[in-house]
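Enquirer: I have a structure here, written as structure tokens, and I will follow up with some questions on it.
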Amino acid sequence: SDFLITCFAPGYVSNSDDCDDTNSAKHTGATDICDDIDNDCDGATDEDATFITYYADADGDGYGSINSIQSTCDGVPVGYVANDADCNDANNTVYLGAVEVCDGMDNDCDGLIDEGIATATITASGSTSICNGSTVILNANTGTGFTYKWKRNGANISGATNVSYSASAAGNYTVVVTVPGGCQAVSVATTVTLLPSPTATITTPDGLDLCGRTKVRLQANSGSGYTYQWYKNALLISGATTRTYQATTTGSYQVVVTRSNGCSRTSASKTVVKACRESELSEDIQYDGKLELYPNPTSDILNVKLQLSDNILDEAIIIIYNMVGEIIYSAPATIIDGVMIENIIFDNSITSGLYIMNIMASEKQFTKQFIINK
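In the numbering used here, the protein residues as written are 11 to 384.
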């Protein structure tokens, strides 16, 4: 309030723009720096300074909470950081970018809980379009301590808790994978479809008896794109690949019918027989001995007659083999006046098929095939 009106006064100026005449840095128009002082005399402090917002880091993990902030121009306050990447400032394992673990918390602050801990995938061992009666192996991803639960069309498959499942039915298959800690993931569905299989039947226009004829026709069912392979006594018949097969010998015949999709089916067997006795067709053939088996085929009782050329009294051994060389019957028999007659009874343990009888008598061997048709 001291002033002096004069033409010139040392220590005085012609304006009153200073708000603190004891500090030469304070005056109107000065830069208001970060010093908590009103340097430019406008009634506000530090408005020309650069202020930065800092966030409280209560758990000391280097990540701050947006819920507690402080804006300053003179550096980072104690207990604060320059980022707001913490969604739980009471847990130093929770922050943006942390590794998600199976603990029921959102460790990485992305709004999701325990995501990506468990994964579930299915890899099929082959095509998932399979023939009826076939299977495809479905494999889940593996990991230490993983457990599995397989589902078909959303329903649990009883007992299906291994890493792999053999699927034979059509449907949508998923697997639930559980990792240590209890986190789970469900796979994308893998669809298994069943391809249609053909039918396979054999008709016999000529019957099945070779008695008095040289062959009988065996005819498979027809179908678009069908292919055929014939078998006799479970052995493939080379070159027999047409719908019709001419059987010239006794035995058990089957046909495998295959569709164009690769699916096959095997027919029931048809047994070609020669029901008449050999002597009825070959009276003019002379042997040192003659072996007759009838009825042939038989279902349970086989009559055996061996006629030797000598009227002797001797012992014989009867042995019957199946088609893999196993002995299914063995017994002694007596030859009286050069003739051996036996009746052999087959119980239910003897299955249908082609068999070979071998008789050792009078230092000779007699062999003949016969068929059992249960």
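Glycine included, every Cβ here is placed at the ideal spot set by N, Cα and C.
Computed from a prediction, not measured in an experiment: that's the story for all the values here.
1. Quick one: what's residue 91 bridged to in DSSP?
2. Which first and last residues belong to the beta strand (DSSP E) in which residue 141 is found?
3. Alpha carbon to alpha carbon, what distance is there between residue 313 and residue 322?
4. In the DSSP assignment, find the beta strand (DSSP E) that holds residue 332 and state where it starts and stops.
5. In terms of alpha-carbon separation, which member of 330, 243, 244 and 265 lies closest to residue 251?
6. Alpha carbons only, please: which of 229, 204, 205 and 208 is nearest the one belonging to residue 216?
7. Can you have a look at residue 307 and say buried or exposed, based on whether 16 or more other CB atoms are within 10 angstroms of its CB?
8. Using C-beta distances below 6 Å, list every residue in its chain close to residue 94, excluding the 5 sequence neighbours before and after it, in chain order.
9. How is residue 294 classed by DSSP in three states: helix, strand or coil?
10. Am I right that residue 257 and residue 318 are in contact with their C-beta atoms under 8 Å? What's the rounded C-beta distance?
11. What are the complete beta strand (DSSP E) segments, minimum 3 residues, inside the stretch 256 to 326?
12. At the level of alpha carbons, what is the spacing between residue 176 and residue 170?
13. Does the stretch 203 to 211 come close enough to the stretch 273 to 285 to have 3 or more Cβ pairs within less than 8 Å?
14. Are the beta-carbon atoms of residue 86 and residue 72 separated by less than 8 Å?
15. Examine chain B for any beta-carbon lying closer than 8 Å to the beta-carbon of residue 187, and answer yes or no.
16. Going along the chain, which residues of its own chain have a beta-carbon closer than 7 Å to the beta-carbon of residue 333, five neighbours each way excluded?
17. Return the CA-CA distance between residue 42 and residue 96, expressed in angstroms with no decimal places.
18. Can you name the residues that DSSP bridges to residue 173?
19. So, at 6 Å on beta carbons, what are the nonlocal neighbours of residue 48 in its own chain, with the 5 sequence-adjacent residues on each side left out?
20. Using the beta-carbon count (16 or more within 10 Å), is residue 88 buried or exposed?
21. Might you give, ordered along the chain, the residues of its own chain that have their beta carbon closer than 8 Å to the beta carbon of residue 68, omitting 5 neighbours on each side?
Expert: Let's see:
1. 65
2. 139 to 141
3. 21 Å
4. Where residue 332 is concerned, there is no enclosing beta strand (DSSP E), given that its DSSP letter is neither H nor E.
5. 265
6. 229
7. buried
8. 65, 74 and 76
9. Per-residue confidence for residue 294 stands at a pLDDT of 33, beneath the threshold of 50, marking its modelled position as unreliable; no derived number is given.
10. Going by Cβ atoms, the distance from residue 257 to residue 318 rounds to 33 Å, so no, they are not a contact pair.
11. 261 to 268, 274 to 276, 280 to 282, 299 to 304 and 311 to 318
12. 9 Å
13. yes
14. no
15. Any reference to chain B falls outside this structure, which holds one protein chain only.
16. 243, 363 and 364
17. 34 Å
18. In DSSP, residue 173 forms no bridge with anything.
19. 55
20. exposed
21. 75, 78, 89, 99 and 100
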